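Residue numbers (the numbering used here): 418 to 506.
Idealized CB from N, CA, C, for every residue including glycine.
Remember, it's a predicted structure, so these values are computed and weren't measured experimentally.
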């Protein structure tokens, strides 16, 4: 049940191939050791997860206040100020 709450329709924005989507769905219904038993499926599964992580990382890049803090500003920032920025994100 690793992916039981995925909204599959929204995956179209990730540009996953039909084969990648099918692999994620297979991982949802089968035990993980079954999915990873085939070396080709295991390799593709790892690539799909990395693709999803890269997309998630890119989607949030530069969007929040914390990502805009310069190293100079961070050097003089108080712990309270840093906590407030983190909470606002």
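Q. Any idea if residue 462 is buried or exposed, counting beta-carbon neighbours within 10 angstroms, 16 or more meaning buried?
A. buried
Q) Roughly how many whole angstroms lie between the Cα atoms of residue 448 and residue 473? A) 25 Å
Q.
I'd like to know whether the C-beta atoms of residue 483 and residue 503 end up nearer to each other than 7 Å.
A. yes
**Q.** Spatially closest choice to residue 434 from 464, 500, 452, 450, by CA coordinates
**A.** 464
Q) Between residue 444 and residue 452, which are expected to be in contact by the criterion C-beta below 8 Å, what is the C-beta distance as a whole number of angstroms? A) 5 Å
Q) In the structure shown, what three-state DSSP assignment does residue 474 receive? A) helix
(Q) What does the alpha-carbon distance come out to for the pair residue 485 and residue 505? (A) 13 Å
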